[in-house]
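K.L.:
Per my numbering: the sequence shown = residues 2 to 164. All C-beta atoms, glycine included, are put in the ideal place defined by N, C-alpha and C.
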Amino acid sequence: MKILFVCTGNICRSPTAEGVARRWIAMSGLEGQVHVESAGISGHHVGESPDPRSQTAAQRRGYDLSRLRARKVEPRDFAEFDLLLAMDRDHFHYLRDKAPEGTRHKVRMFLSFAPRVSRDDVPDPYYGGAKGFDAVLDLCEEAVQGLLEEIRPEVERRRRSAV
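#1: Taking C-beta to C-beta, are CYS13 and TYR128 nearer than 7 Å?
#2: What residues in its chain sit with their C-beta under 7 Å from that of ARG81, if we drop five residues either side in the sequence?
#3: Please return the same chain residues whose Cβ sits closer than 8 Å to the Cβ of ARG159, not counting the five positions on each side in sequence.
#4: By Cβ distance, which residues of its chain are closer than 6 Å to ARG97, with the 5 residues on each side in sequence left out?
#5: By the 10 Å Cβ neighbour count, where 16 or more other Cβ atoms means buried, how is ARG68 classified, buried or exposed?
#6: So, does the segment 16-23 touch the segment 44-64, judging by three or more C-beta pairs under 8 Å?
#7: Return helix, strand or coil for MET165, following the three-state DSSP convention.
#8: At 3 residues or longer, and completely inside the segment 90-125: list those beta strand (DSSP E) runs for me, N to C.
#9: Do the CB positions of VAL164 and GLU143 come within less than 7 Å of each other?
#10: The beta strand (DSSP E) with ALA8 in it runs from where to where?
#11: Leaving out the 5 sequence neighbours to the left and right, which residues in its chain are closer than 8 Å to GLU32 when beta-carbon positions are compared?
#12: Is SER43 helix, strand or coil when you go by DSSP?
#13: Of all the options ARG70, ARG24 and ASP89, which has the alpha carbon lying nearest to the alpha carbon of THR9?
#14: Taking buried to mean at least 16 other C-beta atoms within 10 Å of its own C-beta, is VAL38 buried or exposed?
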């Protein structure tokens, strides 16, 4: 299963979600069965590392974002990925508008996997202080746990079918 996390520039929210997901996938025994990446709807930061504040906040919790590089969502992503998870409503609408016929069902809100969270959008921490980056991590941890719970049956079904 392939999952793409999407935010604006792919330097704060979506790489944080990717880093959290990579670690939780490994801890859940799903390595090699679930592939994650992140991208932005804007190409302004293509090739850049995640924001240093995102990296610092993530590192404090044991997540390594240092090898990630920003990229822009591409048309092929809609065919290649099983899920494209939007960090906020603007990203959701952008992705739905760009999705080719027959792929719109793949676009979902990331926080829809976090039923205990009472918001739809992961707030953009870019223009705020350090606490915003920690808040993003809290939301990502909550949503990734829910995501893995929801996709586990499908991942197991695919694994059995491949054997």
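P.N.:
Judging by the given coordinates:
#1: By one-based count along the sequence shown, residue 13 stands at place 12. By one-based count along the sequence shown, residue 128 stands at place 127. Contact: no.
#2: If you number the sequence shown from 1, residue 81 lands on position 80. Per the sequence shown, residue 81 should be read as Glu rather than Arg. Closer than 7 Å at the Cβ level, and outside the excluded window around GLU81, lie LYS3.
#3: Numbered from 1 along the sequence shown, position 158 holds the residue referred to as residue 159. Excluding sequence neighbours, ARG159 sits near MET2 and GLN34.
#4: Along the sequence shown, one-based indexing puts residue 97 at 96. The residues are ARG105 and VAL108.
#5: On the sequence shown, position 67 is the one that residue 68 refers to. Classification of ARG68: exposed, given that the 10 Å Cβ count is below 16.
#6: yes
#7: Since the first and last residues shown for the chain are 2 and 164, residue 165 lies out of range.
#8: 108-110
#9: Sequence index remark: in the sequence shown, residue 164 carries index 163 (1-based). Sequence index remark: in the sequence shown, residue 143 carries index 142 (1-based). For VAL164 and GLU143, no; Cβs fall outside 7 Å.
#10: Position 7 of the sequence shown, counting from 1, holds the residue named residue 8. At residue 8 the sequence reads Cys, which differs from the Ala that was named. Here the beta strand (DSSP E) through CYS8 covers 3-8.
#11: Here residue 32 refers to the residue found at position 31 when the sequence shown is read from its first residue. Taken in chain order, the residues that qualify are ILE26.
#12: Taking the first residue of the sequence shown as 1, we reach residue 43 at position 42. Coil at SER43, not helix or strand.
#13: Position 8 of the sequence shown, counted from the first residue, corresponds to residue 9. Cα-wise, what sits closest to THR9 is ASP89.
#14: In the sequence shown, counting from the first residue as 1, residue 38 sits at position 37. The residue asked about is misnamed: residue 38 is Glu in this sequence, not Val. Looking at its Cβ environment, which holds 16 or more other Cβ atoms inside 10 Å, GLU38 is buried.
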